[in-house]
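Chains as they are written, first to last, in my numbering: chain A, 77 to 328; chain B, 3 to 257.
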């Protein structure tokens with residue numbers, strides 16, 4: 077009953093939206109290069125399923141490597157910055173400014189720095205994009221320490237490292253995951269879009285540009301659907317990981 | 003044997019600056035072993051500061067603080083006291099049992115003994131059944147009981163409490179007062195208890211220390227002898243007489 081309430085409304089809206097789309101294309105006689113019908117995309121999806129899966133695995137691996145590397149760097153940098161208050165005061169506005177830059181624009185430059193068969197430029201772009209939300213959120217979490225916890229640990233004569241390990245880090249964990257949730261969706265976008273700028277032609281992004289240049293629009297859309305699913309998988313995996321890592325927040 | 007001795011203790015915040023505040027001036031106080039002593043007074047009278055000086059969370063500007071026969075700093079490093087605050091301050095990512103185990107963990111106590119000691123303390127506050135729960139699953143009163151169990155986990159000779167029942171409703175508060183007294187009697191712990199409730203101070207204490215602000219100082223030390231405390235104590239003549247005495251001392255201090 078509770079599940080039905082949770083699932084039914086978005087399901088109805090989703091199915092209704094797709095039906096409306098199909099109807100609009102069919103009745104409105106919209107040209108397929110403007111907007112293909114969902115049924116056409118679906119048949120491409122079925123036909124190309126193994127290609128889509130391969131491409132999704134290639135892009136997904138790039139996104140995953142970038143996500144993990146960027147997240148680790150982000151957490152480490154935040155730990156470092158939180159040790160010195162001046163450093164964290166300075167680093168938050170700098171991080172905000174850097175974050176506002178379109179980092180994806182670095183992709184062609186990075187592509188030229190490495191061999192054309194290397195996946196490294198994509199992973200680098202992804203890692204850089206992931207770094208900022210993780211860094212900013214983790215730093216916020218590390219700096220927000222309950223004053224009672226602080227006094228209590230002082231009364232136990234706990235050292236700086238013990239304090240960090242037992243109080244700061246677990247206390248910051250929910251913030252780390254807030255950053256990771258934003259980052260996980262960004263990682264897939266970054267990995268896919270970075271492929272638009274050349275390099276290896278094995279991922280979803282390159283398949284989308286290829287299909288589009290052959291005017292095979294329904295096929296291009298099928299790969300876009302693949303990218304959507306990949307993004308969802310990343311996001312939901314992060315949510316699951318969050319539940320497992322912070323059990324105290326879900327059990328009430 | 004004395005639990006705590008303060009001699010000529012003063013505490014000045016922001017010394018030498020325009021916003022200098024004399025939080026405590028020339029405080030002399032002795033707390034005997036096993037004694038339950040309350041600090042009471044209006045906001046800003048320095049009662050919490052006094053508690054933090056005993057806990058060595060603050061250093062005195064002048065004078066000496068001796069806890070369990072040693073300098074306050076040494077006593078803190080040796081975990082000679084347990085402390086509880088107005089906020090239970092439980093670590094929400096640890097289960098109730100692991101919260102109580104924390105001070106033992108920091109002492110390097112072994113896993114098996116830690117668990118045994120935590121369970122002992124949790125049954126003392128009547129929460130053994132909730133050992134595996136997370137703090138967010140408990141009510142405010144239960145959380146405060148866990149905080150008390152945690153403060154007692156290392157079997158400290160001294161218990162310091164800063165308005166631990168301040169945020170609780172009256173019913174819970176009275177029940178916890180009775181429980182606290184039973185625990186202190188059972189463990190033989192000396193207690194310093196900060197409160198701004200007169201009935202609470204009188205009900206709990208062997209000695210009520212009345213303080214007044216600007217500068218924070220002790221204005222009266224009132225011994226309370228009500229015999230064994232039960233719920234009937236709250237209706238007794240002696241209880242009301244003691245409350246009147248403390249109230250008079252508080253008024254006298256502020257005029």
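We treat Cβ as the ideally placed atom computed from N, Cα and C, and that holds for glycine. On a predicted model such as this, the values are computed, not experimentally measured, just so you know.
CB contact below 8 Å: residue i versus chain A
| i | result |
| --- | --- |
| residue 91 of chain B | yes |
| residue 94 of chain B | yes |
| residue 87 of chain B | yes |
| residue 81 of chain B | yes |
| residue 78 of chain B | yes |
| residue 57 of chain B | yes |
| residue 73 of chain B | no |
| residue 105 of chain B | yes |
| residue 138 of chain B | yes |
| residue 252 of chain B | no |
| residue 108 of chain B | yes |
Whole-number beta carbon distance between residue j and residue i, since they are thought to touch under 8 Å
| i | j | result |
| --- | --- | --- |
| residue 157 of chain B | residue 98 of chain B | With 8 Å as the limit, residue 157 of chain B and residue 98 of chain B do not qualify as a contact, their Cβ atoms being about 19 Å apart. |
| residue 305 of chain A | residue 151 of chain A | Wrong, their Cβ atoms sit about 28 Å apart, outside the cutoff. |
| residue 197 of chain A | residue 279 of chain A | No, residue 197 of chain A and residue 279 of chain A are not in contact; Cβ-Cβ is about 12 Å, not under 8 Å. |
| residue 85 of chain B | residue 57 of chain B | 6 Å |
| residue 228 of chain B | residue 241 of chain B | 6 Å |
| residue 143 of chain A | residue 263 of chain A | 4 Å |
Given residue i as reference, the closest of the options once Cα atoms are compared
| i | options | result |
| --- | --- | --- |
| residue 175 of chain A | A:144, A:188, A:212, A:186 | A:212 |
| residue 128 of chain B | B:144, B:117, B:193 | B:144 |
| residue 102 of chain B | B:68, B:151, B:199 | B:151 |
| residue 110 of chain A | A:299, A:320, A:309, A:291 | A:291 |
| residue 63 of chain B | B:8, B:138, B:234 | B:8 |
| residue 140 of chain B | B:94, B:248, B:6 | B:94 |
| residue 220 of chain B | B:120, B:12, B:230 | B:12 |
| residue 205 of chain B | B:29, B:39, B:34, B:18 | B:39 |
| residue 228 of chain A | B:28, B:252, B:60 | B:60 |
| residue 29 of chain B | B:19, B:20, B:43, B:52 | B:52 |
| residue 202 of chain A | A:164, A:149, A:97 | A:149 |
| residue 197 of chain B | B:164, B:124, B:14 | B:164 |
| residue 183 of chain A | A:222, A:294, A:123, A:200 | A:200 |
| residue 166 of chain B | B:146, B:67, B:37 | B:146 |
| residue 159 of chain B | B:190, B:227, B:244 | B:190 |
| residue 37 of chain B | B:112, B:199, B:208 | B:208 |
| residue 141 of chain A | A:266, A:165, A:272 | A:266 |
| residue 83 of chain B | B:177, B:70, B:24 | B:70 |
| residue 234 of chain A | B:178, B:105, B:126, B:142 | B:105 |
| residue 316 of chain A | A:99, A:250, A:113 | A:250 |
With 16 other Cβ atoms within 10 Å as the buried cut-off, status of residue i
| i | result |
| --- | --- |
| residue 214 of chain A | buried |
| residue 237 of chain A | exposed |
| residue 257 of chain B | Here the model assigns residue 257 of chain B a pLDDT of 42, short of 50, so the residue's position is not dependable, and the following value carries that caveat. With fewer than 16 other Cβ atoms within 10 Å, it is exposed. |
| residue 326 of chain A | exposed |
| residue 173 of chain B | exposed |
| residue 160 of chain A | exposed |
| residue 225 of chain B | exposed |
| residue 154 of chain B | buried |
| residue 92 of chain B | buried |
| residue 91 of chain A | exposed |
| residue 49 of chain B | buried |
| residue 294 of chain A | buried |
| residue 86 of chain A | exposed |
| residue 128 of chain A | buried |
| residue 314 of chain A | buried |
| residue 193 of chain B | buried |
| residue 126 of chain A | exposed |
| residue 16 of chain B | exposed |
| residue 3 of chain B | exposed |
| residue 79 of chain A | exposed |
| residue 206 of chain A | buried |
CB contact below 8 Å: residue i versus chain B
| i | result |
| --- | --- |
| residue 231 of chain A | yes |
| residue 214 of chain A | no |
| residue 127 of chain A | no |
| residue 227 of chain A | yes |
| residue 224 of chain A | yes |
| residue 324 of chain A | yes |
| residue 238 of chain A | yes |
| residue 298 of chain A | no |
| residue 113 of chain A | no |
| residue 248 of chain A | no |
| residue 154 of chain A | no |
| residue 234 of chain A | yes |
| residue 317 of chain A | no |
Query - Contact between the region 115–128 of chain A and the region 176–186 of chain A (3+ Cβ pairs under 8 Å) - result: no
Query raised in the report: Can you find at least 3 beta carbon pairs, one from the region 228–247 of chain A and one from the region 295–311 of chain A, that sit closer than 8 Å?
Result: no
Report task. Please confirm if the region 183–194 of chain A is in contact with the region 245–260 of chain A, defined as three or more CB-CB distances below 8 Å between the two stretches. Result -> no
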